Each structure stands twice: as structure tokens, then as C-alpha cells.
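Down below is the structure, laid out as C-alpha cells.
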């Protein structure tokens, strides 16, 4: 017993000494682990919520004029759905391994071969046309999918949506529009309403009536705001008649006070707050479609088919950005489609069909970085334009049926969520036995992409100015609103030296110019300058 007790005492003494040593050696850097390395604070007045792009709050550049950090709101519409405008991003780029990324697959939503993503109140939702326009929502805590509730106005179709607007919820589904529990636009007497967009204090949508003699497609811009006591008055709308009946947009966007839409026939239309103008006339038989629009610095980017590249709009004509993005070696240059865009960790991300390529653009480097493909199969080839063309022919399908899409890009927390699809959101049939079950489930999948240094969270809307604090610690990023912590993400920060002598540019950055007022602003950064 004596010898056992002596050994125990010696072990306890050793553990105490080890703990003391750890206490002395932990946090020997300039800042303790939970002490701020840098803090950026603003008192922000966004004004009334009229569906506008809120833009950038600030950007931090190091002594070499390279972007180190920033914060702002992404405004993007990807193919069928718009991302949450109230989601605020804060990013800090690491000094080392800044290009490193990882991916992991979430549980499959089980909506067959294709889904599109949107987010509502920081909850990820997957939509598919299968089973009568199904929507499933993801419970991150349980890591499982379940059916989402059907809105008051009906099932969510392609181009419909549910969005936060001010302190309420604007819902447009199944031919109707509601603000909270109040119907503000009923279904039309003839035809259908579809592909809604709310911006600049107006509700935009298409209205088509298909008939042999008196069919039409019209594009509406209807004035309406959250403080309007009455439903939308269509007699007050500014209406443009589309050239072709059945015209359909895949994306909407806004630039300053203007709103843009592009039809599937290639018509590019701009509403400037007073009237509609055609930047490009629609033309049957000529492929020209735009699948995504995103505000980026001082321009609006448009993702186009069949170039697979981006166009930019700064007012005036559209400009083709050749080589934005490039293409993977060994794939065909034909029939490429830039389909999705996002801003994540301060960079521009683009998803490209038909090989599900993902590209990242670093503006400081003027360089595109490939993140590879979001599928592991088949091997790339330039002998065919699309994957599995022979198998599609075997099953009497169109040649591009098994093309591979990146259909969604949604920033959540520290990650960028991506989704995939076949050409359409098709049902899965057991006869497609050329794919293993694992390969099949790479279609209609959700992929979590992670890079160090990003945090996205939804602000709590207040009809008054709010205070926001953006905190960099050695081990995490933090966003606070009015003193309350909204979210944090893990970080291994190695850029303290780059903060020395950095410049803070308020109201400017990757998300576009600030559309609001900074009533006050401050930074606690080692010898930072203020512009």
C-alpha cells in the first residue's frame, strides 16, 4: 500500500507540474486566445427595407494593398431562387494556406436527381419539381432533412420564393403574393404569374396567357412597400410586353436604382424606376440565357450560356468578360453554362455546367483558382460535350440529360453550401443501371465547402439604426448586433502582423457600395488608417 501511494503521489505531482507548464506556455502570442486581435464597429442605418442591395460595410487592406478582411451583404439570384438579403458576411483571409479548402457531403435530401437551394431564417432548403414541387429543410443540429411546411399562398414553384422583408415575410408562390398573413396579390383571372422579384420598392413578375390568337407575356413592375395598407394595384404597374409568348427568366438582378431581367429568348430588359428598356432584343433560335446575377464591387455580373462565362453591367451595354471563368483542361468548349455565383471569404465563386466545375476568383491576384468538380464521375473528356451522352441515347433521352450542374451557392456560418443536379430535376428510375447508387446520389446532393476565415449570419431587422461589431480573435470570428452575439466561427488567425499599417475603407468592398448610412464607425486595429 505504501509503495502504491507513493507512486500515486508522484504521478499527481507530475500532472500538477505539467498543468503549470501548460498554463505558462499557453497564449504566449501577442493576444490571449479570447482577447480581440481587431474589432470593427459601425452604427448602421439601412433605412426602409425596399428590397435593395445593402452592399459593403467595410474593407480592410494591408500595407501591400491586398484585401485582408471585410463585411457586407451578398445580393445574388441563382437560377430559380434568390439568397437571403439579410445575411451578413464577415471574412478574414489567413496569411498561410489561404487557398486551402475542404468539402463534405451532407445527407442526401432524397429528391431524386436534382435540387436547387434557397435559405430562409438561416435554414437551408432544397427544392425539386419531383413529387409536385417538393421542398425539404435541413436540421443542422440533427443532420437530417424533413419536409418543409407549405406556405399560405401554396406550394413553392420554380422562380417563387420566401424572403424576409423588414420585420415581416414576403411570400410569392403558386400565383399569389402575401406579406405575413395578408394576401397582397391574388391569382390572375387568366394565365399565370411567375418568377417574382422584389427590389427598389416594386414587385416584379412575369404574366403569361397562352392562346392561339390573343396570348401574351407581360413583365410587371408594381409599386408596393411594407407600409402600404392596400393590396398591389396593377393599374399603377409599369408593364412591358415581351416579344414572345412564354418568355421566362432564370435570374433577376439590380444595379443602383435599376432592375434587370433576361428572358430565355435572350431579351435583356432594364427597368430604371420609370420605364422599361430593351438592352438586347429577344431572338428565337439564338441561344442566350442568363442563369445568375450578382452584385460585385462596382458592377452587376451576369452568368451566361452558351459561353460559360460572365458578362458585366455598369449601366449602358453588357460587356462580355472572356475567360471569366476559364475551363478545366480536357473538357469541351461547347455549350457551357455559368450557372451559379456567390461571394465567400471575400472572393467570387462560380459554378459551371456541364461538368460541375467550381471556380474562385481572387481580385488582388487577377487570377482564377479551380476547386475541381463537384462530382467524382465520369472521367472528363472533350470527345463529347456532356457526361454520359451514350447512356442518355441508350435510354432515349436528350444528349445532355446527365449533364452536371452546380445549382445552388448559399453562405451559412463558416461554409458555402452547394447543390447539384442533372439537366432538369428529373426523377430517378431503376433502369438507369449504368450508375452505382453512390454515383447516382452525387446528383441532387448538397455539398458543404469550407475555407478558413468566413462567418455568415442573419441580422435581426430593426426599423431603426443598429450597432454591429465584427471581432477577430486568434481562435474565432464573432459578429454582434446591439451587444448580442449573433454568431461565431472557428479561426486560426495568423495575420496579426498584416493588420499593422492596414487601411479600413468604409462603405466599400466586394459586396458593392454601401446602400445605407454609417452614423458612426470605429476600429481597434494596430496602427490602422481610416479612409
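Numbering (the numbering used here), first residue to last: 706 to 1236. Note that beta-carbon positions come from the ideal geometry of N, C-alpha and C, so glycine has one too. Since the model is a prediction, treat every value here as computed from it, not as a measurement.
Margin query: Taking the alpha carbon of residue 1022 as the reference point, which residue from 842, 1051, 1007, 1163 has its own alpha carbon closest?
Written below: 1007
Notebook entry, point to check: Who are the near neighbours of residue 828 in its chain, counting only those whose CB is closer than 6 Å to its CB and skipping five residues on each side?
Noted result: 842
Item checked: DSSP-derived helix/strand/coil call for residue 940 -> Of the three classes helix, strand and coil, the one that applies to residue 940 here is helix, per DSSP.
Next item on the list: Can you tell me which of the three DSSP states residue 801 falls into?
Entry: coil
Notebook entry, point to check: Between which two residues does the beta strand (DSSP E) carrying residue 844 extend?
Noted result: Where residue 844 is concerned, the enclosing beta strand (DSSP E) stretches over 839-844.
Check: Relative to the C-alpha of residue 796, which residue among 1190, 1177, 1020 is closest?
Finding: Closest by C-alpha distance to residue 796, out of 1190, 1177, 1020, is 1177.
Notebook entry, point to check: Where does residue 1204 fall in DSSP's three states?
Noted result: helix
Next item on the list: Just tell me which of 1222, 1192, 1231, 1225 has its CA closest to the CA of residue 1208.
Entry: 1231
Checklist line | Paired residues, beta bridge with residue 1043 - DSSP | finding: 1057, per the DSSP bridge assignment.
Next item on the list: Pull up the distance between the alpha-carbon of residue 1197 and that of residue 1042, whole angstroms please.
Entry: 36 Å
Item checked: Through-space distance from residue 1154 to residue 830, alpha-carbon basis -> When rounded, the distance between both Cα atoms is 17 Å.
Item checked: Outcome for residue 1219 when other beta-carbon atoms lying within 10 angstroms are tallied against a minimum of 16 -> buried
Checklist line | Spatial neighbours of residue 968 in its chain, beta-carbon cut-off 7 Å, leaving aside the 5 residues before and after | finding: Only residues of its own chain outside the window of five on either side were considered, and among them 947, 952, 953, 954, 987 have a CB closer than 7 Å to the CB of residue 968, listed in chain order.
Next item on the list: Thinking residue 910 and residue 901 are a contact (beta carbons under 8 Å), I'd like their distance in whole angstroms, please.
Entry: 5 Å
Item checked: Supposed close pair residue 1044, residue 1112 - CB separation, criterion 8 Å -> 7 Å
Note to self: Applying the 10 Å Cβ sphere with the 16-neighbour rule, what's the burial state of residue 894?
What the structure shows: Exposed: under 16 other Cβ atoms inside 10 Å.
Margin query: Let me check one thing: in DSSP terms, what residues is residue 1018 bridge-paired to?
Written below: 1005
Note to self: Since residue 1090 and residue 1037 should fall inside the 8 Å C-beta cutoff, what is the C-beta to C-beta distance between them, to a whole number of angstroms?
What the structure shows: 5 Å
Check: Is DSSP giving residue 735 helix, strand or coil here?
Finding: Note that residue 735 has pLDDT 46, beneath the 50 cutoff, so the model's placement of it is unreliable and the number below is only indicative. Note: residue 735 maps to coil in three-state DSSP.
Check: Taking Cβ to Cβ, would you say residue 906 is nearer than 8 Å to residue 872?
Finding: no
Next item on the list: Over the uninterrupted alpha helix (DSSP H) stretch that includes residue 785, give me the two end residues.
Entry: Careful: residue 785 lies outside any alpha helix (DSSP H) and carries neither H nor E.
Item checked: Identity of the residue in 824, 1188, 791, 742 nearest residue 1124 by Cα -> That would be 824, whose Cα lies nearest to the Cα of residue 1124.
Checklist line | Bridge-paired residues (DSSP) for residue 982 | finding: 975
Notebook entry, point to check: Which residues in the same chain have their Cβ closer than 8 Å to the Cβ of residue 1194, if we skip the five residues on either side of it in sequence?
Noted result: 1118, 1119, 1159, 1160, 1181, 1182
Check: Exposed or buried, which one is residue 708 when buried takes at least 16 other CB atoms within 10 Å?
Finding: Any reading at residue 708 must be qualified, since the residue scores a pLDDT of 38, below 50, and its modelled position is unreliable; the value itself is stated next. In summary, residue 708 is exposed, with fewer than 16 beta-carbon neighbours lying within 10 Å of its beta-carbon over all protein chains present.
Next item on the list: Could you pull out every residue in the same chain whose Cβ sits closer than 7 Å to the Cβ of residue 1134, ignoring the five residues on either side in sequence?
Entry: No residues qualify anywhere along the chain.
Item checked: 4 or more residues per run - each alpha helix (DSSP H) lying fully within the stretch 832-882 -> 835-838
Next item on the list: Pull up the distance between the alpha-carbon of residue 1136 and that of residue 1084, whole angstroms please.
Entry: 22 Å
Next item on the list: Check the DSSP bridge columns for residue 928 and list the partner residues they point to.
Entry: 907
Note to self: One question on the structure: do residue 1060 and residue 1096 come within less than 8 Å of each other, judged by their Cβ atoms?
What the structure shows: no
Check: Between which two residues does the alpha helix (DSSP H) carrying residue 1144 extend?
Finding: 1142-1145
Notebook entry, point to check: DSSP state of residue 1163, grouped into three classes?
Noted result: strand
Check: Considering residue 776, what are the terminal residues of the beta strand (DSSP E) in which it resides?
Finding: 772-778
Item checked: Residue range of the beta strand (DSSP E) that includes residue 1228 -> 1222-1229
Check: If you draw a straight line from the C-alpha of residue 1013 to the C-alpha of residue 766, how long is it?
Finding: 31 Å
Item checked: Delimiting residues of the beta strand (DSSP E) encompassing residue 1192 -> Bounds of the beta strand (DSSP E) holding residue 1192 are 1189-1195.
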